[in-house]
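K.L.:
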Amino acid sequence: MADGGIRILLGESKKVPVPADVVLDIRAPAAWGPAADGIRCTVTDSSGRNEDLRSSDAKKTDAFGGTEWVTVWTFSSVPNTDVTVGCRDPESKIAAAQRDPYLRVVPRAIVPIAAPQR
103 MADGGIRILL GESKKVPVPA DVVLDIRAPA AWGPAADGIR CTVTDSSGRN
153 EDLRSSDAKK TDAFGGTEWV TVWTFSSVPN TDVTVGCRDP ESKIAAAQRD
203 PYLRVVPRAI VPIAAPQR
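As numbered in the numbering used here, residues 103 to 220 make up the sequence shown, in order.
Set out below in structure tokens:
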């Protein structure tokens, strides 16, 4: 998985590796604005179980490759496995004219909580 994560075309699904000690963010181009809130994603592990997706009102924005990306969903799964991620735009809020309507699945390191000192 490169620094920019795995690219997934809106409407398609792709296998994504899950490294150890990370959560995975599903990010959309910030230029999609409020339309990105209508994106619906599913994440399925190798046994066919759906993973829980978490979203928050405070959307984190990061730059990659000259583009601003906003986190729309976050999930975790069993480390060192693959999951299948698919996202769609059920209300067709993302303009059909989008040249590259894709999202990115990007790993984000989990910061361990330090044990209390005695």
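Yeah, the Cβ is synthetic: ideal placement off N, Cα and C, and Gly gets one too. Bear in mind that the values here come from a model prediction, so they are computed numbers and not experimental data.
1) What residue range does the beta strand (DSSP E) around residue 175 cover?
2) So the candidates are 172, 154, 116 and 113; which of them puts its Cα closest to the Cα of residue 135?
3) Since residue 196 and residue 137 are thought to touch, with beta carbons under 8 Å apart, how far apart are those beta carbons, to the nearest angstrom?
4) Three or more beta-carbon pairs under 8 Å between the region 173–184 and the region 143–163, yes or no?
5) Who does residue 115 pair with in a DSSP beta bridge?
6) Exposed or buried, which one is residue 194 when buried takes at least 16 other CB atoms within 10 Å?
7) At the level of alpha carbons, what is the spacing between residue 207 and residue 180?
8) If I measure Cβ to Cβ from residue 110 and keep anything under 7 Å in the same chain, skipping five residues before and after, which residues do I get?
9) List the whole-angstrom C-beta distance separating residue 211 from residue 124, where the pair is believed to meet the contact cut-off of C-beta under 8 Å.
10) Starting from the Cα of residue 112, find the closest Cα among 121, 129, 120 and 122 and give me that residue.
11) Excluding the 5 residues preceding and the 5 following residue 126 in the sequence, name in chain order all residues of the same chain whose CB lies nearer than 6 Å to its CB.
P.N.:
Taking the coordinates as given:
1) Following the DSSP letters along the chain, one finds residue 175 inside the beta strand (DSSP E) bounded by residues 169–177.
2) Residue 172 is the option with its Cα nearest to residue 135.
3) Taking 8 Å as the upper bound for CB-CB distance, residue 196 and residue 137 are in contact here, some 5 Å apart.
4) Contact between the region 173–184 and the region 143–163 is present, with at least three C-beta pairs closer than 8 Å.
5) According to DSSP, residue 115 bridges with 188.
6) With fewer than 16 other Cβ atoms inside 10 Å of its own Cβ, residue 194 counts as exposed.
7) Just so you know, the alpha carbons of residue 207 and residue 180 end up roughly 16 Å apart.
8) Contacts found: 116, 187, 189, 204, 205 and 207.
9) Their Cβ separation, rounded to whole angstroms, is 6 Å, which keeps residue 211 and residue 124 in contact under 8 Å.
10) Minimum Cα distance to residue 112 is reached at 129.
11) Closer than 6 Å at the Cβ level, and outside the excluded window around residue 126, lie 177, 207 and 209.
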